[in-house]
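So the sequence shown is numbered by our numbering: it starts at 6 and just counts up by one. Heads up, the beta-carbon is just placed ideally off N, CA and C, and yes, glycines get one too.
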Amino acid sequence: MSDEKAEYIDETPVKGKGKPSTLLDMLQVELRSRMTIALDFKEKIDTAKTDVKKKYFRKKLLKNNLDAAKILTAIENITQQKAQVFENEHAPKEKAD
């Protein structure tokens, strides 16, 4: 069951067409993939017939969600860095007298 994400990866970038070109695009694609996997695990939990299988899928869902949280944190950090760079580049310049 370690190859779940391989079947879900959507390589459509957030902007434009083709493969993801930036780290941010790749992270967003991976996050979308993790969300799809989470839905699949949720469905498997709901349809599992034994408590052992439910526990197994809950554990997989938890690990997947932790990985998704790490990806989301990375996206947030990159976005904050880009915002800081933009702010620094467009800040009004002080005149030296």
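According to DSSP, is residue i part of a helix, a strand, or is it coil?
{"i": "Glu99", "result": "coil"}
{"i": "Thr78", "result": "helix"}
Let me confirm a value: residue i is counted as buried when at least 16 other C-beta atoms fall within 10 Å, else exposed. Which label applies?
{"i": "Gln85", "result": "exposed"}
{"i": "Phe62", "result": "buried"}
{"i": "Phe91", "result": "exposed"}
{"i": "Val57", "result": "exposed"}
{"i": "Asn93", "result": "exposed"}
Using 8 Å for Cβ pairs, my map puts residue i next to residue j. What's the rounded Cβ distance?
{"i": "Gly36", "j": "Ile76", "result": "Here residue 36 turns out to be Leu, not Gly, going by the sequence shown. Confirmed, about 5 Å."}
{"i": "Leu44", "j": "Ile80", "result": "That pair is no contact at about 20 Å."}
{"i": "Leu66", "j": "Lys54", "result": "Actually they do not touch by this definition, with Cβ atoms about 17 Å apart."}
{"i": "Lys59", "j": "Ile50", "result": "5 Å"}
Kindly list the residues whose CB is nearer than 8 Å to the CB of residue i, restricted to its own chain and excluding five residues on each side of it in sequence; keep chain order.
{"i": "Asp72", "result": "Arg39"}
Looking only at its chain, what residues have a beta carbon closer than 7 Å to the beta carbon of residue i, apart from the 5 residues adjacent to it on each side?
{"i": "Ala88", "result": "none"}
{"i": "Asn70", "result": "Ala43"}
Within its chain, find whatever has a CB closer than 6 Å to the CB of residue i; leave out the 5 residues flanking it on each side and keep chain order.
{"i": "His95", "result": "none"}
In chain order, what are the residue ranges of uninterrupted alpha helix (DSSP H) at least 4 long that sit wholly in the segment 26–87? 28–52
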